[in-house]
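J.:
2 protein chains.
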Amino acid sequence: MKNIYIIGIGLIGGSIAKDIKRLNPELSIFGIDTNNEHLEEALQLQIIDEKAEFADLKHADAVILCIPVDAAVTLLPEILDLVPDDALVMEAGSTKVAICKAVENHPKRRNFLATHPIAGTEFSGPKAALEGLFQGKTNIICEVEKTAFNLQERALTIFKIMGMRIRYMNPEAHDKHIAYVSHLSHISAFMLGKTVIEKEKNERDIFDMAGSGFASTVRLAKSSPDMWTPIFKQNKTNVIETLDEYIQNLTAFKSYLETDNFEEIYNEMASINHIKDILNGIQ
Amino acid sequence: MKNIYIIGIGLIGGSIAKDIKRLNPELSIFGIDTNNEHLEEALQLQIIDEKAEFADLKHADAVILCIPVDAAVTLLPEILDLVPDDALVMEAGSTKVAICKAVENHPKRRNFLATHPIAGTEFSGPKAALEGLFQGKTNIICEVEKTAFNLQERALTIFKIMGMRIRYMNPEAHDKHIAYVSHLSHISAFMLGKTVIEKEKNERDIFDMAGSGFASTVRLAKSSPDMWTPIFKQNKTNVIETLDEYIQNLTAFKSYLETDNFEEIYNEMASINHIKDILNGIQ
Chain E
5 MKNIYIIGIG
15 LIGGSIAKDI
25 KRLNPELSIF
35 GIDTNNEHLE
45 EALQLQIIDE
55 KAEFADLKHA
65 DAVILCIPVD
75 AAVTLLPEIL
85 DLVPDDALVM
95 EAGSTKVAIC
105 KAVENHPKRR
115 NFLATHPIAG
125 TEFSGPKAAL
135 EGLFQGKTNI
145 ICEVEKTAFN
155 LQERALTIFK
165 IMGMRIRYMN
175 PEAHDKHIAY
185 VSHLSHISAF
195 MLGKTVIEKE
205 KNERDIFDMA
215 GSGFASTVRL
225 AKSSPDMWTP
235 IFKQNKTNVI
245 ETLDEYIQNL
255 TAFKSYLETD
265 NFEEIYNEMA
275 SINHIKDILN
285 GIQ
Chain C
5 MKNIYIIGIG
15 LIGGSIAKDI
25 KRLNPELSIF
35 GIDTNNEHLE
45 EALQLQIIDE
55 KAEFADLKHA
65 DAVILCIPVD
75 AAVTLLPEIL
85 DLVPDDALVM
95 EAGSTKVAIC
105 KAVENHPKRR
115 NFLATHPIAG
125 TEFSGPKAAL
135 EGLFQGKTNI
145 ICEVEKTAFN
155 LQERALTIFK
165 IMGMRIRYMN
175 PEAHDKHIAY
185 VSHLSHISAF
195 MLGKTVIEKE
205 KNERDIFDMA
215 GSGFASTVRL
225 AKSSPDMWTP
235 IFKQNKTNVI
245 ETLDEYIQNL
255 TAFKSYLETD
265 NFEEIYNEMA
275 SINHIKDILN
285 GIQ
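If you're matching them up, the sequences are chains E and C in order. When you number the first sequence by this note's numbering, it's gap-free, plus one each residue, and the end is 287. When you number the second sequence by this note's numbering, it's gap-free, plus one each residue, and the end is 287.
Right under this line is the structure:
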């Protein structure tokens, strides 16, 4: 393995590039991006060694696709067409059903590994790339059995460099679970931001009163709409299910307030406090 | 000013004690708490100089009440009865209408200052107390005109020590605004935690997939039900209003998903991204 091509050199692609380069400086990292400014930035920040184009993919040992999930579904088959027969191609998006479906009958399906390295921040672009972002984090691999064995090994070498824990899952289970622990959190934060901003139009003083609790709860509302609109589109059914349950829980909480059932409110909160132990497991 | 009594020596009371002691070591800090374990802890951690009881309040120059807001409403009139005629009494809870109402006709109303130092973490008890927690944060003072002028000055001296920005507001405006930027965030986080925990009963794998985004959004669901149930109770009307708007926004987002209106979803997120600039003002 010598030439690694990263397509989409933003937060995720850039962070992967940094880790690989830092820990395996003998590898060459090539960057491809539709945004030439980002590409120049990545070059100046030494996140990539060289800019490249799709035609160069014929020299790739590994390709890592880190672009919005709708573009990934369109581009992945074309990328597989371009790479050598022994190249590994991975995609790192937050949905896995559509991408696996897009290449299920591709002649080079065995060159592809579907992955979701679960890490990130609310920022985007190459400047947002962080060394060690994936250290100790979970990487979900889907349909591992459909990838050539030697290419699985090549992928695992990269993930080992990045310090990731590997879990195997089918794409349907991935998309369903991730809707709860990631996609719903984003909607919850965006709608909290919206509710408070709408109020602020009339009440200019309100944000002076916002503390660190609000900042933390609403943080994901800074996330990129370019990245997240296609995620919600592809995972629409699961996301609607999580939203239904979330709205039901909020509505029940509201009805406890309306009926002065503060005992139930206390008990709910006490029981949800159990999230402490769960989150300790995450950190 | 020599003797400061802090009633309720947890996260907020303990943090106030630490700041005052660090910056004005000549002051004596006395702690009063119904939880004797917390009191012993506070003594061992040198958060307070001495344990005290309500009868000792006759020696107080200043009293700071940092207990759940329902207990505060009950105790505040009794505390005012006990303190000397020239003592300052403050209360630091997250609601202000009920506490101001509770003492509106008290003969020592002018000894009382209603405040809300807006800072905190999701933890509780004296071990959660942090030095510098209030540095640069906002402190809302309500009905300042009802407090004796020299006691206003005494209070401002303490807040200056703590490095707080002061804003003046009437209790009704405080409770309405704080419902948006604080109380709603807590419910949003608790219900997110509930939705995901309920799923986890059947799907044990789910938490392995939770990343830092989920951890941040759900953080406030670790908060104390003892502290928060009375807050929701006292601020019920405002909280219900914020919940109504939040649920409406979530329901609209869901209907955009259901009708494949991804343009609107994109536009909403792009517009809510403006929260970045607002949050920069908070940090």
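Positions of the beta carbon are idealized from the N, C-alpha and C atoms, including for glycine.
Closer than 8 Å, CB to CB, is ILE103 (chain E) near chain C or not?
T.: Sequence index remark: in the first sequence, residue 103 (chain E) carries index 99 (1-based). By this cut-off, ILE103 (chain E) is not an interface position.
J.: How about SER128 (chain C): is its C-beta nearer than 8 Å to some C-beta of chain E?
T.: Taking the second sequence and counting its residues from 1, the one referred to as residue 128 (chain C) is at position 124. No, no contact with chain E.
J.: THR78 (chain E): which of E:LYS55, E:ALA106, E:TRP232, E:LEU117 sits nearest, CA to CA?
T.: For this step, residue 78 (chain E) is matched to residue 74 along the first sequence. THR78 (chain E) has its Cα closest to that of E:ALA106, out of E:LYS55, E:ALA106, E:TRP232, E:LEU117.
J.: Are the CB atoms of GLU262 (chain E) and SER198 (chain C) within a distance shorter than 8 Å?
T.: To locate residue 198 (chain C), count along the second sequence from 1; it is residue 194. To locate residue 262 (chain E), count along the first sequence from 1; it is residue 258. According to the sequence shown, residue 198 (chain C) is Lys rather than Ser. Taking 8 Å as the Cβ cut-off, LYS198 (chain C) and GLU262 (chain E) do not qualify as a contacting pair.
J.: Where are the beta strand (DSSP E) runs, 3 residues long or more, that stay fully inside the segment 24-95 of chain E, in chain order?
T.: Runs found: 32-36, 66-69, 92-95.
J.: Taking only the alpha-carbon atoms, compute the straight-line gap between GLY136 (chain C) and SER192 (chain E) and give it to the nearest angstrom.
T.: For this step, residue 136 (chain C) is matched to residue 132 along the second sequence. For this step, residue 192 (chain E) is matched to residue 188 along the first sequence. Going from the Cα of GLY136 (chain C) to the Cα of SER192 (chain E) covers about 30 Å.
J.: Give a yes or no on whether the C-beta atoms belonging to ALA46 (chain C) and PRO121 (chain C) are separated by under 8 Å.
T.: Against the second sequence, residue 46 (chain C) aligns to sequence position 42. Against the second sequence, residue 121 (chain C) aligns to sequence position 117. For ALA46 (chain C) and PRO121 (chain C), no; Cβs fall outside 8 Å.
J.: Is there at least one Cβ from chain E nearer than 8 Å to MET273 (chain C)'s Cβ?
T.: In the second sequence, counting from the first residue as 1, residue 273 (chain C) sits at position 269. Judged by the 8 Å Cβ criterion, MET273 (chain C) is in contact with chain E.
J.: Over the uninterrupted beta strand (DSSP E) stretch that includes ASN109 (chain C), give me the two end residues.
T.: Start at 1 with the first residue of the second sequence, and residue 109 (chain C) comes out as number 105. First-last for ASN109 (chain C): undefined, no H or E at that position.
J.: Can you look up LEU117 (chain C) in the DSSP assignment and give me helix, strand or coil?
T.: Start at 1 with the first residue of the second sequence, and residue 117 (chain C) comes out as number 113. LEU117 (chain C) falls in the strand class under three-state DSSP.
J.: Output yes or no for whether 8 Å exceeds the beta carbon distance between LEU224 (chain C) and GLU157 (chain C).
T.: Translated into the one-based positions of the second sequence, residue 224 (chain C) becomes position 220. Translated into the one-based positions of the second sequence, residue 157 (chain C) becomes position 153. Taking 8 Å as the Cβ cut-off, LEU224 (chain C) and GLU157 (chain C) do not qualify as a contacting pair.
J.: Restricting to Cα atoms, I'd like to know which of E:ILE162, E:GLY215, E:LEU69 is closest to VAL93 (chain E).
T.: Looking up residue 93 (chain E) in the first sequence gives position 89. Comparing Cα-Cα distances from VAL93 (chain E) to each of E:ILE162, E:GLY215, E:LEU69, the minimum goes to E:LEU69.
J.: Quick check on ILE13 (chain C): does DSSP put it in helix, strand or coil?
T.: Taking the first residue of the second sequence as 1, we reach residue 13 (chain C) at position 9. Reduced to three states, the DSSP call for ILE13 (chain C) is coil.
J.: Looking at the secondary structure, which residues open and close the beta strand (DSSP E) in which ARG171 (chain C) lies?
T.: Translated into positions along the second sequence, residue 171 (chain C) becomes position 167. Its beta strand (DSSP E) spans residues 169-173.
J.: Excluding the 5 residues preceding and the 5 following GLY124 (chain C) in the sequence, name in chain order all residues of the same chain whose CB lies nearer than 8 Å to its CB.
T.: Residue mapping note: residue 124 (chain C) aligns to position 120 of the second sequence, counting from 1. Here the set comprises LEU15, ILE16, LEU137.
J.: Under DSSP, the alpha helix (DSSP H) around ASN154 (chain C) begins and ends at which residues?
T.: Start at 1 with the first residue of the second sequence, and residue 154 (chain C) comes out as number 150. Looking at the DSSP string, the run of the alpha helix (DSSP H) that includes ASN154 (chain C) is 153-166.
J.: Tell me which residues of the segment 221-234 of chain C have at least one Cβ-Cβ distance to chain E shorter than 9 Å, keeping chain order.
T.: Those residues of the segment 221-234 of chain C that come within reach of chain E (Cβ to Cβ, closer than 9 Å) are THR221, VAL222, ARG223, LEU224, ALA225, LYS226, SER227, SER228, PRO229, ASP230, TRP232, THR233, PRO234.
J.: By a C-beta neighbour count over all protein chains shown, 10 Å radius and 16 as the cutoff for buried, is PHE257 (chain C) buried or exposed?
T.: Reading the second sequence from its first residue, position 253 is the one you call residue 257 (chain C). Under this definition PHE257 (chain C) is a buried residue.
J.: Since I believe ILE279 (chain E) is in contact with VAL73 (chain E) (beta carbons under 8 Å), could you give me their beta-carbon distance rounded to a whole number of angstroms?
T.: What you label residue 73 (chain E) is simply residue 69 of the first sequence in a count that begins at 1. What you label residue 279 (chain E) is simply residue 275 of the first sequence in a count that begins at 1. With a Cβ gap of about 28 Å, VAL73 (chain E) and ILE279 (chain E) do not count as contacting.
J.: Can you grab the Cα-Cα spacing for the pair GLU245 (chain E) / HIS178 (chain E), in whole Å?
T.: Numbered from 1 along the first sequence, position 241 holds the residue referred to as residue 245 (chain E). Numbered from 1 along the first sequence, position 174 holds the residue referred to as residue 178 (chain E). Distance between the alpha carbons of GLU245 (chain E) and HIS178 (chain E): 15 Å.
J.: What are the residues in the segment 6-29 of chain C lying within 7 Å of chain E by C-beta distance?
T.: Here the close residues number zero.
J.: Mind pulling the chain E residues with CB within less than 8 Å of THR199 (chain C)?
T.: Here residue 199 (chain C) refers to the residue found at position 195 when the second sequence is read from its first residue. Near THR199 (chain C) (Cβ distances below 8 Å), the residues of chain E are TYR184, LEU188, THR246, GLU249, TYR250, ASN253.
J.: Taking DSSP as the reference, what is the three-state secondary structure of THR233 (chain C)?
T.: Mapped onto the second sequence, residue 233 (chain C) falls at position 229. It is helical.
J.: So which residues of chain C does GLU135 (chain E) contact, with C-beta pairs closer than 7 Å?
T.: In the first sequence, counting from the first residue as 1, residue 135 (chain E) sits at position 131. Under the 7 Å cutoff, chain C gives no residues; its nearest Cβ is about 16 Å from GLU135 (chain E).
J.: Rounded to whole angstroms, what's the CA-CA distance from LEU188 (chain C) to LYS180 (chain C)? Just pull it up for me.
T.: Translated into the one-based positions of the second sequence, residue 188 (chain C) becomes position 184. Translated into the one-based positions of the second sequence, residue 180 (chain C) becomes position 176. The straight-line gap from Cα to Cα measures roughly 11 Å.
J.: In angstroms, rounded to a whole number, what distance separates the CA positions of ASN115 (chain E) and ILE144 (chain E)?
T.: For the purposes of this step, residue 115 (chain E) is taken as the residue at position 111 of the first sequence. For the purposes of this step, residue 144 (chain E) is taken as the residue at position 140 of the first sequence. Each residue's alpha carbon lies about 17 Å from the other.
J.: How is ILE8 (chain C) classed by DSSP in three states: helix, strand or coil?
T.: Working through the second sequence from its first residue, we reach residue 8 (chain C) at position 4. Here ILE8 (chain C) sits in strand by DSSP.
J.: Step through the CB atoms of chain E and report whether any lies within less than 8 Å of the CB of ASP179 (chain C).
T.: Counting from one through the second sequence, the residue named residue 179 (chain C) turns up at place 175. Answer no: the Cβ-Cβ gap between ASP179 (chain C) and chain E never drops below 8 Å.
J.: Quick check on the burial criterion: 16 or more other C-beta atoms within 10 angstroms. Buried or exposed for ALA274 (chain C)?
T.: As a working note, residue 274 (chain C) is residue 270 in the second sequence. Exposed is the call here.
J.: Have a look at the DSSP bridge pairing and note the partners of THR142 (chain C).
T.: In the second sequence, residue 142 (chain C) corresponds to position 138, counting from 1. Partner(s): C:ARG169.
J.: Is the beta carbon of GLN238 (chain C) sitting closer than 8 Å to the one on ALA102 (chain C)?
T.: Reading the second sequence from its first residue, position 234 is the one you call residue 238 (chain C). Reading the second sequence from its first residue, position 98 is the one you call residue 102 (chain C). Yes. Within cutoff.
J.: Run down chain E in chain order and give the residues with a C-beta less than 8 Å from the C-beta of ILE144 (chain C).
T.: As a working note, residue 144 (chain C) is residue 140 in the second sequence. Ordered by position in chain E, the residues that pass the 8 Å Cβ test against ILE144 (chain C) are MET213.
J.: Check the Cβ of VAL243 (chain E) against every Cβ in chain C and list those closer than 9 Å, keeping chain order.
T.: Numbered from its first residue, the first sequence carries residue 243 (chain E) at position 239. Near VAL243 (chain E) (Cβ distances below 9 Å), the residues of chain C are LYS258, LEU261.
J.: In the structure shown, what three-state DSSP assignment does THR99 (chain C) receive?
T.: Along the second sequence, one-based indexing puts residue 99 (chain C) at 95. THR99 (chain C): coil per DSSP, three-state reduction.
J.: To which residues of the same chain is GLU54 (chain C) closer than 6 Å at the C-beta, ignoring the five residues directly before and after it?
T.: The residue labelled residue 54 (chain C) in the question sits at position 50 within the second sequence. Excluding residues within five positions, the ones whose Cβ falls inside 6 Å are PHE34.
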